[in-house]
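Chemist: Take this structure, written in C-alpha cells, and hold onto it; I'll ask about it next.
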Amino acid sequence: MAHMMHMNNLKQKFFISLILAIPIFLLSNMMGLQLPIHIQFTDSHWLVLLCSTALFFYGGSPFLSGAKMEIQMHQPAMMSLIALGISTAYIYSLYAFVSNYILHLQPHVMDFFWELASLIVIMLFGHWMEMKSVMQAGDALESMAKLLPSVASVKQSDGSYLDTPIEQLKKDDIVLVKAGERIPADGVLIEGSGSVDESLVTGESRAITKQVNDMLIGGSQNGNHSLLMRIHATGDASYISQVMKLVSDAQKEKSKVESISDVVAKYLFYIATGVGIASFIIWLILSKDVSTALLRMVSVLVIACPHALGLAIPLVVARSTSIGAKHGILIRKRTALEIANKITIVMSDKTGTLTEGKFEVKEIRSVSTKYDDNQILAYMAGLESESSHPLAFGILNDAKAKQIKPVSLSNIETLPGIGLQGIQDQNIKLLLVSHSYMDTHQINYDKTTFNMLSEKGYAISYLLENEQLIGYIAQGDEIKEDAKAFIQGLKEKGITSMMLTGDNEKAASKVQQLLHIDKVESSLQPQDKEHIIQTYQAHGEKVMMVGDGINDAPALSRANIGVAIGAGTDVAIDSADVVLVKSNPLDILNFFSLAKNTTRKMMQNLWWGAGYNIIAIPLAAGVLAPFGIILSPAIGAILMSASTIIVAINAMMLKL
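All you need for our numbering is the position in the sequence shown, starting with 1, plus 32.
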C-alpha cells in the first residue's frame, strides 16, 4: 500500500511538473540557443522564473528531501547527486536572472531554467517508471494474497451455514467449500472428495485429488464437488501469509553482490562530486566562461547518479523470489541463489525425497510361538501410534485395514538412529529396531530372509520383547516418478549425486541401480549425515543437502545449501535455506535454473549500471569536447533515466 501511494504521488508530481515545464520550454533558451518553437512576450522571463521556482520546490522535493535524509545518515548517494545538480542549476539561474533583468548588467549571463525543467521532469518520469517496475516485480506475490475469498460458509451449532468474513475464521471452524469456490483458509478435508487446483498457490500444474484427512491450502480452487473442511490455520499462521513473510524477509536480506554494489554506489558520489568540481575548474580555465564550466559540472553530477547501480540487484531479487514463490520454491536465504552455481555435489535423503515416503507392508511374520502375525502387528502399531515417521504410517494403515487394534503401551520413546521402545504391563519392554541394532547387540535373526527382502528394496524392522526377537516386518516404498529425471538432470549439470539413507546396504543399492545415483551411504544414523557433509566440505566440495527439514535438520544446517522438500503448508523450516512446497525433486533442478538466471541478470544489471557510469562520466566532463562530443545536462538526465529503465526491463525479463 505504501509503495502504491508513493507511486501515485510520483505520477502526480510528474504530470504537474510537466505542465509547469511547458512554459519554461517555450519561453526560455536551451543552452543559450533558441528552439524552433520559441515564444516571447513582455516580461515573459518572470513567468519562466515563477514556473521554475515552483518546479524546483515542488517537482524537486523528492530529491531534496531524499538528499537531506542521506546527509543526516552520513551516507550521501544518488539523491544527494541529483539535489546538488538541480540546486546548482537553480541557484545559478537565479543569479543570472537578477544580473540580467534586475541589475541589467553586461554581458548577458546565460541561465539554466530550460535545463532545470528538463532535468526534474525526466528524473521524475524515471523514478515513476522505476517504482512501477518494483511494484510489478512483487505483483506475483501480492496476487497470492488476493486469492482468498472474502467470506466463508461456516457451519453453526444448529447445523446451518453462515457466510462469515474470513478475518473472523477461527481454528477448528467447520467450513463448506462449494464446487468452483476458492478454499478460504488452510485446513483438513473431513468430508467429501474431489480435485483441487493449487497452481496459483504452489505452482503445481496438475489438479490434485483430495481425500478425507488431506490438507487443503487457502487460495486453492475447488473443483466440481463440495468439500467440508476443518480450519487448521488462519491469518499470519496460514500458508500464504508465511510465504509472503519468507519472501519479504529474503528481499530485505543483503547478498554479497548487492553489498558490493552498495559500496560502489556510495563511493560513486564522492567520485562524481570530485570529477564535477575538477571539470568545473578545468573548463573555467580553458573557456574563461562560468556558464560553460557550470554546464559541465551539472552534467557530471546528474549523469553520474548511481540509480541503475542501486536498482541492479533489488529488482532482480524481487522478481526472482516472487517467481520462486509462485512455483513453490521459497528462498529463505538469498545467499543460496549465489552459492547454487558453485554446488559440486547434491546429497539427498532417500525417503520422501527420491521415494514417495508412503510405505506399504509387504510382509509381516511372527517368529515366536507366543504370538501370531496379527499380534505382532498390534504390538508394532502400539509402538508407532504416536510416531510421525514414514514407516509408522505403513504399519498403522495396515493395522487399520485389517481392523487390528494397537496394543496400549506406556513410556513410548523414540531412540534416535535405533527405533522405538515401550513398556507393557510394567515389566515387558518392547523394541522396534533396524538390523543394525540386531548386529550391534548380537541378536540372532534369519539373514537369508533379510537378504532376500533387502534385495527387493524393502525396509526391514524387528520387534523385540525383552531383547528377544519375536517378529519382523518388511515395508516397500515407491520411487518417485520424477526421481530418475532429477538424477539425470544433475549429471547434465556436472553435479555429483549422492544418496544418504538409514536403510540397509542392499535396499539402498537397489535404489541406486534404478536411479543411476553416483554415490550411496547406507545404514546411517542422523548424526552420520552431518559428519559426511563436513568430510566432503573439508575436501573442497560445495554441498547441497536435500531432506525433510525435520529429521535432517543438522545436515541441512551444515550444508552449503540446505533444501527442505515436501514442506506442504509448514514452510517455516529454520534449518533450510530453500523450502520446496511440493515433494517433486525436479523443483531442485528448477531452483538451480532460477539461481543461474538470477545471478546472470544480477551481473548483467551490475555491469550495465557500472559500465554506464564508467563511460558516461568522462563524456559528461567533456573529455571528447575536441571532437565535438559533449553531453548536456538534459541528455545526461535522459541517459540516466534510460539506464534505470533498461535495468528494470532486464530484471522483469527474468524467468524460471
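Note that beta-carbon positions come from the ideal geometry of N, C-alpha and C, so glycine has one too.
Quick check: what's the CA-CA separation for Asp471 versus Ser554?
Modeler: Looking up residue 471 in the sequence shown gives position 439. Looking up residue 554 in the sequence shown gives position 522. About 15 Å.
Chemist: Of all the options Tyr504, Val611 and Lys437, which has the alpha carbon lying nearest to the alpha carbon of Ser400?
Modeler: Taking the first residue of the sequence shown as 1, we reach residue 400 at position 368. The candidate whose alpha carbon is nearest that of Ser400 is Tyr504.
Chemist: With a threshold of 8 Å, are at least 3 pairs of Cβ atoms found where one atom belongs to the segment 383-402 and the other to the segment 527-544?
Modeler: Look at the beta carbons and you see the segment 383-402 touching the segment 527-544: at least three pairs across the two are nearer than 8 Å.
Chemist: What first and last residue would you give for the beta strand (DSSP E) that runs through Asn629?
Modeler: One-based indexing of the sequence shown puts residue 629 at position 597. Where Asn629 is concerned, there is no enclosing beta strand (DSSP E), although the alpha helix (DSSP H) it sits in stretches over Leu618 to Ala653.
Chemist: Just verifying my parser: in three-state terms, what is the DSSP assignment at Asp404?
Modeler: Stepping through the sequence shown from its first residue, residue 404 is reached at position 372. Of the three classes helix, strand and coil, the one that applies to Asp404 here is coil, per DSSP.
Chemist: Which runs of the alpha helix (DSSP H) at least 4 residues long sit entirely within the segment 210-234? Give them in chain order.
Modeler: 231-234
Chemist: Under the DSSP definition of a beta bridge, which residues are partnered with Tyr494?
Modeler: Sequence index remark: in the sequence shown, residue 494 carries index 462 (1-based). Answer by DSSP bridge pairing, in chain order: Val465 and Tyr504.
Chemist: My output table needs one value for Glu199: the three-state DSSP class, helix, strand or coil.
Modeler: If you number the sequence shown from 1, residue 199 lands on position 167. Reduced to three states, the DSSP call for Glu199 is helix.
Chemist: Are the Cβ atoms of Ile597 and Ser615 separated by less than 8 Å?
Modeler: Translated into the one-based positions of the sequence shown, residue 597 becomes position 565. Translated into the one-based positions of the sequence shown, residue 615 becomes position 583. Their beta carbons are under 8 Å apart, which means Ile597 touches Ser615 by this criterion.
Chemist: Using CA atoms only, rank isn't needed, just tell me which of Arg632, Met412, Ile427 and Lys479 is closest to Lys461.
Modeler: Sequence index remark: in the sequence shown, residue 461 carries index 429 (1-based). The residue with the shortest Cα to Cα distance from Lys461 is Met412.
Chemist: Determine, using beta carbons only, whether Leu179 and Gly224 come nearer to each other than 8 Å.
Modeler: If you number the sequence shown from 1, residue 179 lands on position 147. If you number the sequence shown from 1, residue 224 lands on position 192. For Leu179 and Gly224, no; Cβs fall outside 8 Å.
Chemist: Is the distance from the Cβ of Asp535 to the Cβ of Asp381 below 8 Å?
Modeler: Position 503 of the sequence shown, counted from the start, is the residue given in the question as residue 535. Position 349 of the sequence shown, counted from the start, is the residue given in the question as residue 381. No; because the gap between Cβ atoms is not below 8 Å, this pair is not in contact.
Chemist: Beta strand (DSSP E) containing Glu553: first to last residue?
Modeler: The residue labelled residue 553 in the question sits at position 521 within the sequence shown. Start and end: Lys551 to Glu553.
Chemist: With respect to the beta strand (DSSP E) encompassing Val595, which residues constitute its N-terminal and C-terminal limits?
Modeler: Indexing the sequence shown from 1 puts residue 595 at position 563. Note, Val595: beta strand (DSSP E), Ile593 to Ile597.
Chemist: Tell me whether the beta-carbon of Leu343 lies closer than 8 Å to the beta-carbon of Val578.
Modeler: To locate residue 343, count along the sequence shown from 1; it is residue 311. To locate residue 578, count along the sequence shown from 1; it is residue 546. No, these two residues do not count as a Cβ contact at 8 Å.
Chemist: Pairing CB atoms from the segment 141-154 with CB atoms from the segment 75-90, are three or more of them under 8 Å?
Modeler: yes
Chemist: Going by beta carbon distance, what residues of the same chain come within less than 6 Å of Ser252, once the five residues before and after it are set aside?
Modeler: The count along the sequence shown starts at 1 and reaches residue 252 at position 220. For Ser252, where only same-chain residues beyond five positions count, the Cβ hits under 6 Å are Ile215, Val228, Glu230 and Val233.
Chemist: Out of Ala368, Asp195, Val330 and Leu362, which one is the CA nearest neighbour of Ile272?
Modeler: Working through the sequence shown from its first residue, we reach residue 272 at position 240. That would be Leu362, whose Cα lies nearest to the Cα of Ile272.
Chemist: Taking buried to mean at least 16 other C-beta atoms within 10 Å of its own C-beta, is Leu67 buried or exposed?
Modeler: Within the sequence shown, numbered from 1, the residue matching residue 67 stands at position 35. Caution is warranted here: a pLDDT of 49 is assigned to Leu67, below 50, making its placement in the model unreliable, and the coordinate value is therefore given only provisionally. When all chains shown are included, Leu67 counts as exposed.
Chemist: For Trp639, is the classification buried or exposed, using 16 other Cβ atoms within 10 angstroms of its Cβ as the cut-off for buried?
Modeler: Stepping through the sequence shown from its first residue, residue 639 is reached at position 607. Trp639 should be labelled exposed.
Chemist: Which one or two residues does DSSP pair with Ser529 in a beta bridge?
Modeler: Numbered from its first residue, the sequence shown carries residue 529 at position 497. Beta-bridge pairing links Ser529 to Val378.
Chemist: Between which two residues does the alpha helix (DSSP H) containing Ala424 stretch?
Modeler: Residue mapping note: residue 424 aligns to position 392 of the sequence shown, counting from 1. Residues Pro422 to Ala433.
Chemist: Going by CA-CA distance only, name the one from His563, Glu370 and Thr241 that's closest to Ala585.
Modeler: Start at 1 with the first residue of the sequence shown, and residue 585 comes out as number 553. When each option's Cα is compared against that of Ala585, the closest is His563.
Chemist: Whole-angstrom Cβ separation of Thr446 and Ser466, contact assumed at under 8 Å?
Modeler: Here residue 446 corresponds to residue number 414 of the sequence shown, with the count starting at 1. Here residue 466 corresponds to residue number 434 of the sequence shown, with the count starting at 1. Going by Cβ atoms, the distance from Thr446 to Ser466 rounds to 13 Å, so no, they are not a contact pair.
Chemist: Go to Leu259, then tell me how far its beta strand (DSSP E) extends in each direction, as first and last residue.
Modeler: Stepping through the sequence shown from its first residue, residue 259 is reached at position 227. Run containing Leu259: Leu259 to Ala265, per the beta strand (DSSP E) assignment.
Chemist: Is Ser185 helix, strand or coil when you go by DSSP?
Modeler: Taking the sequence shown and counting its residues from 1, the one referred to as residue 185 is at position 153. Strand.
Chemist: Locate the beta strand (DSSP E) running through Arg364, then write down its first and last residues.
Modeler: Walking along the sequence shown from the start, residue 364 turns up at place 332. From DSSP, Arg364 is part of no beta strand (DSSP E); its letter is neither H nor E.
Chemist: Output the distance between the C-alpha atoms of Pro650 and Gln636, rounded to the nearest integer angstrom.
Modeler: One-based indexing of the sequence shown puts residue 650 at position 618. One-based indexing of the sequence shown puts residue 636 at position 604. Pro650 and Gln636: Cα-Cα distance of roughly 22 Å.
Chemist: Assuming Ala683 and Val348 make a contact with CB atoms under 8 Å, what is their CB distance in whole Å?
Modeler: On the sequence shown, residue 683 is found 651 positions in, with the first residue counted as 1. On the sequence shown, residue 348 is found 316 positions in, with the first residue counted as 1. That pair is a contact at about 5 Å.
Chemist: Entirely within the segment 300-357 and at least 4 residues each: give me those alpha helix (DSSP H) ranges in chain order.
Modeler: 322-335
Chemist: What is the DSSP secondary structure of Arg590, counted as helix, strand or coil?
Modeler: Taking the first residue of the sequence shown as position 1, residue 590 is located at position 558. In this structure, Arg590 counts as helix in the three-state DSSP scheme.
Chemist: Tell me the DSSP secondary structure of Asn254 in three-state form.
Modeler: Translated into the one-based positions of the sequence shown, residue 254 becomes position 222. Note: Asn254 maps to strand in three-state DSSP.
Chemist: According to the neighbour-count rule (16 or more other Cβ atoms, all chains shown, within 10 Å of its Cβ), is Gly117 buried or exposed?
Modeler: Residue 117 sits at position 85 when you count from the first residue of the sequence shown. That one is buried.
Chemist: Does the segment 311-329 come within contact of the segment 94-108, defined as at least 3 CB pairs closer than 8 Å?
Modeler: Because the criterion of three Cβ pairs below 8 Å is not met, the segment 311-329 and the segment 94-108 do not touch.
Chemist: Judging by CA-CA distance, which residue of Glu147, Ile527 and Val275 is the nearest neighbour of Leu612?
Modeler: Here residue 612 is taken as the residue at index 580 of the sequence shown, counted from 1. The candidate whose alpha carbon is nearest that of Leu612 is Val275.
Chemist: Does the distance from the CB of Asp619 to the CB of Gly212 come in under 8 Å?
Modeler: The residue labelled residue 619 in the question sits at position 587 within the sequence shown. The residue labelled residue 212 in the question sits at position 180 within the sequence shown. No.
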